[in-house]
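What follows is a single structure, written as structure tokens, with notes after it.
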Amino acid sequence: MTADSSSSTATSPPPVLPEPEEDLPEKSGLLADRDAIRQAHEQTVGQRPGTLVVREDALPPRLFLISYAENFYQEKEYADYTVLLAYFRAHPEIKHWIDVRGYNNLPLMQLLQEDFQIHPLMMEDVLGDYQRAKVEETEHGLFMVSRMTEFTRLLDIEDDQLSIFTGDNYVLTFQDDYVDCLDPVRQRLRSGRSSIRRRQPLYLAYALTDVVLDHYYPTMAAIGDYIEKLEERIFLGRSDRRLLNRILHIKKDIVRFRRLVYPEREKIAEILRMPEEVVPEEIKTYFKDCYDHAIQAMDLAESYRESVSSLVDLFLSDQSNRMNEVMKVLTIISSIFIPLSFVVGLYGMNFQREAPDGSINHLNMPELYSPWGYPVLLAILGIIVMFQLIYFYRKGWLTNR
Amino acid sequence: MTADSSSSTATSPPPVLPEPEEDLPEKSGLLADRDAIRQAHEQTVGQRPGTLVVREDALPPRLFLISYAENFYQEKEYADYTVLLAYFRAHPEIKHWIDVRGYNNLPLMQLLQEDFQIHPLMMEDVLGDYQRAKVEETEHGLFMVSRMTEFTRLLDIEDDQLSIFTGDNYVLTFQDDYVDCLDPVRQRLRSGRSSIRRRQPLYLAYALTDVVLDHYYPTMAAIGDYIEKLEERIFLGRSDRRLLNRILHIKKDIVRFRRLVYPEREKIAEILRMPEEVVPEEIKTYFKDCYDHAIQAMDLAESYRESVSSLVDLFLSDQSNRMNEVMKVLTIISSIFIPLSFVVGLYGMNFQREAPDGSINHLNMPELYSPWGYPVLLAILGIIVMFQLIYFYRKGWLTNR
Amino acid sequence: MTADSSSSTATSPPPVLPEPEEDLPEKSGLLADRDAIRQAHEQTVGQRPGTLVVREDALPPRLFLISYAENFYQEKEYADYTVLLAYFRAHPEIKHWIDVRGYNNLPLMQLLQEDFQIHPLMMEDVLGDYQRAKVEETEHGLFMVSRMTEFTRLLDIEDDQLSIFTGDNYVLTFQDDYVDCLDPVRQRLRSGRSSIRRRQPLYLAYALTDVVLDHYYPTMAAIGDYIEKLEERIFLGRSDRRLLNRILHIKKDIVRFRRLVYPEREKIAEILRMPEEVVPEEIKTYFKDCYDHAIQAMDLAESYRESVSSLVDLFLSDQSNRMNEVMKVLTIISSIFIPLSFVVGLYGMNFQREAPDGSINHLNMPELYSPWGYPVLLAILGIIVMFQLIYFYRKGWLTNR
Amino acid sequence: MTADSSSSTATSPPPVLPEPEEDLPEKSGLLADRDAIRQAHEQTVGQRPGTLVVREDALPPRLFLISYAENFYQEKEYADYTVLLAYFRAHPEIKHWIDVRGYNNLPLMQLLQEDFQIHPLMMEDVLGDYQRAKVEETEHGLFMVSRMTEFTRLLDIEDDQLSIFTGDNYVLTFQDDYVDCLDPVRQRLRSGRSSIRRRQPLYLAYALTDVVLDHYYPTMAAIGDYIEKLEERIFLGRSDRRLLNRILHIKKDIVRFRRLVYPEREKIAEILRMPEEVVPEEIKTYFKDCYDHAIQAMDLAESYRESVSSLVDLFLSDQSNRMNEVMKVLTIISSIFIPLSFVVGLYGMNFQREAPDGSINHLNMPELYSPWGYPVLLAILGIIVMFQLIYFYRKGWLTNR
Amino acid sequence: MTADSSSSTATSPPPVLPEPEEDLPEKSGLLADRDAIRQAHEQTVGQRPGTLVVREDALPPRLFLISYAENFYQEKEYADYTVLLAYFRAHPEIKHWIDVRGYNNLPLMQLLQEDFQIHPLMMEDVLGDYQRAKVEETEHGLFMVSRMTEFTRLLDIEDDQLSIFTGDNYVLTFQDDYVDCLDPVRQRLRSGRSSIRRRQPLYLAYALTDVVLDHYYPTMAAIGDYIEKLEERIFLGRSDRRLLNRILHIKKDIVRFRRLVYPEREKIAEILRMPEEVVPEEIKTYFKDCYDHAIQAMDLAESYRESVSSLVDLFLSDQSNRMNEVMKVLTIISSIFIPLSFVVGLYGMNFQREAPDGSINHLNMPELYSPWGYPVLLAILGIIVMFQLIYFYRKGWLTNR
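Residue numbers (our numbering), protein chains in the order written: chain D, 53 to 453; chain C, 53 to 453; chain Y, 53 to 453; chain F, 53 to 453; chain P, 53 to 453.
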């Protein structure tokens with residue numbers, strides 16, 4: 053029994069998310085997911101349907117074979133596909149999980165397609181690398197697509213495709229990455245007690261689907277934590293534009309997440325509707341559980357969406373509030389000093405006590421000549437200020453409200 | 053007939069809700085409900101489905117047995133499960149309600165699962181402690197999940213799970229809290245007149261579902277009262293940011309409440325669609341009544357949501373309105389005094405009557421030398437102010453509108 | 053043939069609606085309808101289902117019996133229920149409408165329940181006084197709930213419940229108010245020509261349902277008139293906060309109205325789906341007409357909702373517009389006078405022509421000594437003002453736009 | 053063959069729509085369509101269903117009979133209904149279109165109802181003059197209601213009802229107006245080549261329905277043109293309140309239009325579902341075409357709604373933008389002149405060089421006595437202004453952005 | 053084998069999109085798509101259904117015939133239709149694609165209609181040039197309409213109609229443009245290896261439908277790129293009105309795109325529901341793939357719509373933000389200088405030390421005579437400014453936040 057080291061790669065640790073204030077190379081924050089769907093299609097525009105095309109940046113394939121039975125377990129990476137196939141064909145009495153990671157070897161892919169009698173269109177879905185979650189019946193069992201999510205340091209949801217084919221005594225999976233979230237299933241297989249070993253391959257397919265679904269929760273948890281961080285920032289009054297940008301970015305992530313989970317739910321619902329001979333009732337019970345999880349993931353996403361909407365409301369209200377505050381400062385200062393300026397301007401006028409003809413104009417600003425003129429004026433100014441301050445205090449403009 | 057004291061715990065009184073101005077430890081107001089769903093899942097990521105895991109902070113279980121028949125009633129807390137089981141097995145002719153409160157004893161839970169032949173996935177739902185309301189058929193009867201709501205002092209909706217299994221002569225319930233909202237049913241059982249005693253256990257399950265649904269109304273009532281309080285504050289003009297925060301918090305509560313009630317409605321609708329041999333027509337009549345209540349709870353929630361939306365509109369309009377008011381004060385004061393300042397500045401200019409060559413510049417501000425210069429100027433200033441005040445009054449800026 | 057005076061109470065005249073400026077005791081404008089649903093439930097929390105409870109503020113019952121056949125009509129109020137029942141039982145060959153107004157007599161209600169074999173849950177719906185419109189089959193015919201609306205002086209939609217039971221030769225109705233909107237049906241019954249007299253009691257039930265639906269139009273008309281009034285006020289520029297409050301209040305009314313009518317439509321749709329032996333085709337033709345009316349009422353409500361949304365838009369745009377206007381006044385006055393003030397301030401400086409050493413500083417403000425200094429300055433100021441006015445006029449700030 | 057002159061009335065030309073700046077008697081712009089539905093109902097509140105009531109302002113009826121067969125065509129207005137009926141009954145071998153315009157003659161309407169065996173409720177729908185588009189089966193064929201739209205000079209959508217009854221050899225139509233949009237069908241009938249002449253009356257009914265649907269496009273075209281006009285005005289910066297009002301008015305029109313077309317689509321869908329013996333497959337092909345048209349009309353309405361929403365966004369952004377501009381002018385002027393005013397105010401202070409004791413205060417504003425004081429100050433002021441202008445230019449406040 | 057040069061026209065290169073700042077002749081940006089639907093209908097108002105009308109600006113038809121079999125390929129443009137038809141009829145054993153580009157020859161169109169037995173209503177759909185994507189069964193096979201999209205330099209989505217008729221051994225397509233997006237299919241046909249050659253004509257129809265759907269992705273890619281460009285502009289702070297206009301324009305495009313794709317999806321769903329004898333299972337597998345593509349196109353459109361909504365939010369927040377900034381500048385400058393102006397105004401007052409009677413008013417502004425008066429005052433002013441700057445700095449108004 054060979055436990056290959058590469059397959060024991062631990063599940064990648066949660067990413068260190070950037071602080072909301074941090075600079076990110078977010079050239080195209082709002083559109084980052086555009087490329088996935090588009091690229092998948094641009095390469096195949098006008099191609100004959102079912103033509104296999106491999107993305108240039110795909111990884112070269114690595115082949116793993118896990119062979120298991122109730123009392124048997126063997127796990128091995130094969131460099132040579134023919135050796136793997138030979139072993140697989142030589143042992144029809146036990147169950148096999150052929151785990152293909154990386155696509156970048158077209159002839160190998162075509163061999164796989166022929167040996168496992170995969171419909172060209174399905175193989176195209178596998179390699180195209182962007183296909184919503186779905187399930188289809190094949191001659192040998194089911195063809196299922198799941199999407200595995202990862203929340204990245206750039207605050208994007210990255211999703212990799214897991215394509216699963218089931219047969220009488222095998223499960224064949226394809227994915228483009230060497231690291232995945234399926235290790236818990238491998239661990240359970242290794243430990244002898246797992247019921248996966250006893251049951252038919254379809255149950256392994258279920259276990260893989262379930263672990264992918266379970267992996268949605270850490271993604272959502274990371275998003276939830278980030279929302280909390282953003283909320284905190286807003287409460288600290290740091291409502292700058294970058295914050296709004298991040299909020300909208302997270303909102304988009306959530307919307308996208310929902311669009312990922314929704315077909316997952318539909319896929320499972322379709323499995324539940326399949327006839328007994330394709331999916332036995334006993335396995336359906338387990339998929340029913342998956343179905344509940346998918347609905348709860350959508351509930352959670354919905355709840356986050358509501359939270360993010362509230363954040364946007366808070367942000368906008370804050371922006372308007374700060375404008376209000378700016379205006380208040382201006383208004384208080386202007387309202388106090390503009391009238392005072394008028395009064396002192398008044399006594400800066402040059403009306404002459406003495407007319408050109410030497411007579412005295414007793415009405416021309418006699419205050420200026422009174423011995424108490426200046427102190428009385430200062431007192432009056434002080435009283436004006438006092439009244440204004442009382443007025444503003446009553447309006448609540450001097451306090452923080 | 054032993055009336056156990058602990059089971060007569062009165063329904064918890066309504067919480068003393070905080071005033072909208074009060075400080076709360078609302079670190080994560082908008083996301084408070086995140087943890088429930090997430091924690092439930094984080095513990096089980098990659099677990100074998102049906103593996104029983106108990107949350108670490110769960111309470112140790114207490115076991116209550118209510119045995120009843122038309123003319124018999126006995127209520128007792130058992131410290132030892134085997135004694136309870138022995139009594140239960142010894143009296144198949146009467147009906148039993150086994151009431152398990154607290155989960156934190158995994159071996160006991162496994163015993164219960166085996167003795168009552170509960171499917172592992174259902175037991176996982178029971179212990180996972182976060183499961184939307186649902187109903188499933190079992191070999192012995194039904195498995196129902198209800199969610200019991202409570203509106204807390206922190207303005208959150210807390211919800212506990214009530215899991216109900218029915219059998220031929222028993223109802224088995226699980227919940228994680230010692231205090232619940234089911235006492236009215238216990239009271240009815242104690243009093244001899246209740247029809248629960250006469251009917252099959254499914255009717256008791258109905259009664260429990262009904263009392264949970266009935267308990268939604270006090271929750272909604274508390275929310276309704278709080279909305280009214282918030283509305284009052286807005287009308288008093290106290291539209292500060294904390295108020296908006298509270299409004300958004302309540303809005304989230306209502307949205308969450310709807311998401312709790314909606315599956316409840318679906319659950320009952322599914323019961324109503326079940327065949328006669330699983331749920332007899334006579335019991336369905338009662339569930340139909342439940343169905344009406346669930347719809348009315350959603351109507352009420354919808355109505356509150358509308359009210360809260362209107363509150364947000366009012367809040368924002370208020371914010372804009374206060375800005376308007378600030379601007380008006382600034383504009384009135386500036387508009388009155390800035391022109392006056394110009395005029396008095398005009399007469400503060402030093403244009404000289406006497407040219408350097410001694411000649412008289414008769415055109416240079418002769419007003420300054422006129423005996424009536426100053427009084428006339430004051431009069432003119434007064435008239436300017438008067439006209440401005442009339443203008444502003446006509447615009448309605450001096451009144452509160 | 054006895055025409056009882058009390059039953060000829062005229063339909064209540066339309067309420068005198070308050071002017072939008074009027075003060076109302078609108079303590080809880082947005083939540084006024086909360087109490088109906090809540091109270092209905094708070095009293096019955098944890099009650100045994102089917103337990104009859106009567107609201108304390110309910111009116112004592114009055115009993116009316118209208119007995120009719122093609123050539124016979126008798127209308128009478130009975131103080132004693134047993135007399136009524138005796139008469140009813142003694143004349144099975146003619147049709148009867150037993151019209152119970154007010155519930156506040158529990159024993160009487162129980163008698164009615166027994167004599168007419170009403171299911172306890174239905175009786176609970178009758179007395180609970182808050183039940184969405186619905187229809188259910190009974191052993192004797194149908195049980196229908198309608199909601200009669202009234203638009204009150206406080207701008208609320210008040211709705212009373214009309215519960216209708218049909219039997220082979222009777223219609224039994226319950227309502228909590230002495231005054232209702234059913235008089236047109238009574239009038240038609242009194243006049244000999246009505247087809248109600250000839251047809252089965254179900255047709256009378258239809259006629260009652262129809263008159264309730266018809267009564268929705270005056271309610272909507274009152275709301276429509278009020279919307280028009282609010283619109284007029286906005287056009288007069290009176291967009292104060294109370295107006296917004298009224299708009300939101302009416303919006304809530306309309307939303308509520310829709311929630312009242314929607315189940316009415318569903319109820320009728322369910323009647324139309326009932327089998328021929330429960331509701332004959334001939335009667336269905338009439339209910340089909342009702343169905344059209346319900347849809348049209350919803351159309352109307354939808355149309356009003358659109359209008360009210362537009363009002364809110366107008367209101368907010370108005371608020372922003374008035375801010376704009378305030379700012380324009382400030383800007384025009386400041387922009388004109390602040391530069392002028394600078395200029396006159398310039399010539400108020402005390403730069404001395406004569407240096408301390410007695411020499412002449414020819415560069416120090418020679419303008420002050422020029423004979424034309426002052427008039428030229430005034431002219432310059434005038435020109436500055438003129439240019440500014442032209443600029444503002446071109447911007448359209450001086451006109452009302 | 054008599055071509056009656058009155059029936060050749062040309063389709064009314066498109067209305068001359070008001071310029072957006074024009075004054076209209078738009079007392080109740082947002083509610084103008086309220087009256088149609090309401091009036092239709094207010095008259096019949098509490099009426100016996102099926103009671104014929106004619107609106108008081110209805111026109112007196114004019115009766116037209118178009119008789120046609122493959123090789124025969126006759127068109128005539130009859131003053132006397134009995135003559136028409138006699139002719140109709142005397143020629144059962146050819147097809148007839150009885151075209152009733154105007155209702156205001158109750159006895160005549162009752163005669164028609166009896167002679168053509170119309171159900172009282174359908175006749176009520178005909179005369180009530182407000183009935184959503186619908187179709188019902190009758191004993192003789194179909195009863196269809198279409199709504200003919202017209203976009204009026206007051207920017208309202210006026211809709212008239214066209215009620216169509218089909219029989220074995222006749223089509224009976226009712227409408228309240230003398231002028232309609234059906235002339236194209238009449239023209240096609242007159243010209244011998246039309247397939248209407250050859251086919252059964254249901255095909256004529258189809259042709260009428262189709263021409264009504266076709267007439268929706270000019271209405272939409274008028275609305276589209278008006279939207280374009282409004283858009284142009286916004287682009288010219290004329291975003292006054294009247295413009296918003298017009299935009300909201302048009303928005304309401306579009307919403308209303310959708311509500312008119314939607315039942316039309318449902319009506320046709322119902323016709324398509326009718327059994328072969330009621331509507332033959334061959335005719336259904338034509339109605340399928342109608343169905344496409346109805347969907348396209350709704351698409352168009354949806355597209356306009358989107359455009360109008362964008363207009364509202366543009367309007368509001370404009371309003372905010374203009375505020376921005378006002379503020380910029382204020383800020384530029386204030387920011388430039390307020391500091392300058394301070395400086396010149398500084399040198400307007402009266403600090404004395406000569407102390408009361410005759411000593412010289414060399415520190416008291418020596419600038420005032422310097423020979424270059426004034427020119428240097430002016431230069432400094434100029435530099436301040438220059439820097440500010442550069443700052444504002446860099447901010448982009450001096451250009452139009 | 054003749055490869056006609058005109059049919060090898062390369063797919064038109066992607067348009068050079070205008071910079072967001074560029075001026076476009078966008079007279080009717082928001083309504084540009086109005087004309088398509090309207091014009092299609094205005095010409096046919098009141099026409100006999102099935103009357104063929106050709107748009108005046110349509111192109112004169114060019115006829116291409118591609119004849120193919122597994123080992124045969126011939127491609128030719130025919131100037132004379134009768135020659136084409138003769139060839140087509142003479143070779144029933146091979147498959148033909150009759151490719152009609154341009155409609156402007158009514159007699160030719162009528163010939164085609166007769167020769168290929170096309171239902172008049174379908175021919176009307178073909179020539180009307182505006183028909184949502186749809187599929188209908190004909191006597192010979194299917195009639196499908198697809199819409200080919202193109203994103204133009206004016207930022208509009210232009211869509212041309214591709215009408216496809218299938219028969220036993222032919223595919224007949226109509227379009228109004230000489231250049232199209234079908235060249236990839238032609239290339240595949242030319243190369244001998246294509247499976248199109250081997251299969252029935254329906255597969256060619258599928259290939260055409262698929263290539264049209266594939267062509268949606270470049271359109272979406274162009275829109276996506278433009279959104280990114282707009283986003284970049286907003287981030288550079290260039291939020292002028294034209295930018296908003298462009299954003300709304302793109303939003304409209306996306307909404308329109310969805311309305312184009314949605315019927316496409318429905319069309320394919322309908323094909324998938326067709327019976328085996330019309331569309332064989334083998335072909336359905338391919339259409340299923342199309343279906344996935346259509347759903348993904350809608351997902352992508354949905355994702356873009358979300359992005360554009362976020363752009364609008366950003367834009368509006370930006371607008372409000374810039375207002376905030378303007379206000380801050382005003383407030384900082386006013387708040388600093390207005391109090392200073394007051395102080396210097398104070399010392400510009402002319403209160404006289406010497407009273408008219410020659411006595412000394414020691415209280416009248418003694419500061420003016422103090423030797424340190426001026427320097428102390430300047431120091432005080434400096435301190436005031438300093439404190440204000442500290443206050444503003446703490447508020448964060450001096451930094452860019």
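For every residue, glycine included, the Cβ atom is placed at its ideal position computed from N, Cα and C.
C-beta atoms of residue i and residue j nearer than 8 Å
i: valine 512 (chain Y); j: phenylalanine 403 (chain C); result: Because chain Y here runs from 53 to 453, residue 512 (chain Y) falls outside it and cannot be looked at.
i: tyrosine 130 (chain D); j: leucine 117 (chain D); result: yes
i: isoleucine 170 (chain F); j: methionine 196 (chain F); result: no
i: proline 315 (chain Y); j: arginine 184 (chain Y); result: yes
Residue-chain proximity (residue i, chain Y), Cβ-Cβ < 8 Å
i: leucine 285 (chain F); result: The amino acid occupying residue 285 (chain F) in the given sequence is arginine; leucine does not appear at that position. Arginine 285 (chain F) does not count as touching chain Y.
Proximal residues of chain P, C-beta to C-beta of residue i below 8 Å
i: aspartate 344 (chain F); result: Asp177, Gln183, Arg184, Lys186
Spatial neighbours of residue i in its chain, beta-carbon cut-off 6 Å, leaving aside the 5 residues before and after
i: arginine 153 (chain P); result: Arg114, Gln227, Tyr230
Under 8 Å by beta carbon: chain C residues contacting residue i
i: alanine 407 (chain D); result: Tyr421, Ser422, Pro423
Any C-beta of chain D under 8 Å from that of residue i
i: proline 327 (chain C); result: no
i: isoleucine 323 (chain P); result: no
Any chain P beta carbon closer than 8 Å to residue i
i: isoleucine 435 (chain F); result: no
Residues near residue i by beta carbon distance below 7 Å, same chain, minus five either side
i: isoleucine 436 (chain D); result: Pro391, Leu392
Per-residue contacts from residue i into chain F (C-beta, under 8 Å)
i: proline 427 (chain P); result: Leu415
Anything in the stretch 296 to 318 of chain P with a Cβ closer than 8 Å to a Cβ of chain D? List those residues in chain order, please.
none
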